[in-house]
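Report on one structure; see the data block that follows.
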Amino acid sequence: QVLATDMSKHMSLLADLKTMVETKKVTSSGVLLLDNYTDRIQVLRTMVHCADLSNPTKPLGLYREWTRRIMEEFFRQGDRERERGLQISPMCDKHSASIEQSQ
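In our numbering, the protein residues as written are -14 to 88.
Here it is as structure tokens:
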């Protein structure tokens, strides 16, 4: 789900996960009991979000390559938005976005 990678949802995703962890049962071995579909989906969304944010934990060369790729994707999106007369999404304007500030 794309929303799991939307950074504008970061704080609410964390708050929802914290609430779930604080209110759920835990087994004697420390395993969180996810007894319904909604909770399982919430954990999966959080895992996708963590994977999306993990690039800076990679070796520097790999980190730089994936940063280049994602910025290229963002800039293509920004170009399409500009062509359609839409407001350009954050980090997608190749004329003003900064890789350093977007990390």
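Using N, Cα and C, we set each Cβ at its ideal position, and we do this for glycine too.
For Cys17, name the three-state secondary structure that DSSP assigns. If you number the sequence shown from 1, residue 17 lands on position 32. At residue 17 the sequence reads Leu, which differs from the Cys that was named. Three-state result, Leu17: strand.
Which residue comes first and which comes last in the alpha helix (DSSP H) that contains Met5? What you label residue 5 is simply residue 20 of the sequence shown in a count that begins at 1. Residues His(-5) to Thr8.
Alpha-carbon to alpha-carbon, Ile84 and Gln(-14): Locating residue -14 in the sequence shown gives position 1, counting from the first residue. Locating residue 84 in the sequence shown gives position 99, counting from the first residue. For Gln(-14), the predicted structure reports a pLDDT of 48, less than 50, and the residue's modelled location is therefore unreliable. A value from the coordinates is still provided. Linking Gln(-14) to Ile84 through their CA atoms gives a straight-line distance of about 25 Å.
What does the Cβ neighbour count give for Ile73, buried or exposed, with the cut at 16 atoms within 10 Å? Taking the sequence shown and counting its residues from 1, one reaches residue 73 at position 88. Buried, since its Cβ has 16 or more Cβ neighbours within 10 Å.
Of the residues His80, Met76 and Ala82, the one placed nearest Met(-8), counting alpha carbons only: As a first step, residue -8 is located in the sequence shown; it is residue number 7 there, counting from the start. The residue with the shortest Cα to Cα distance from Met(-8) is Met76.
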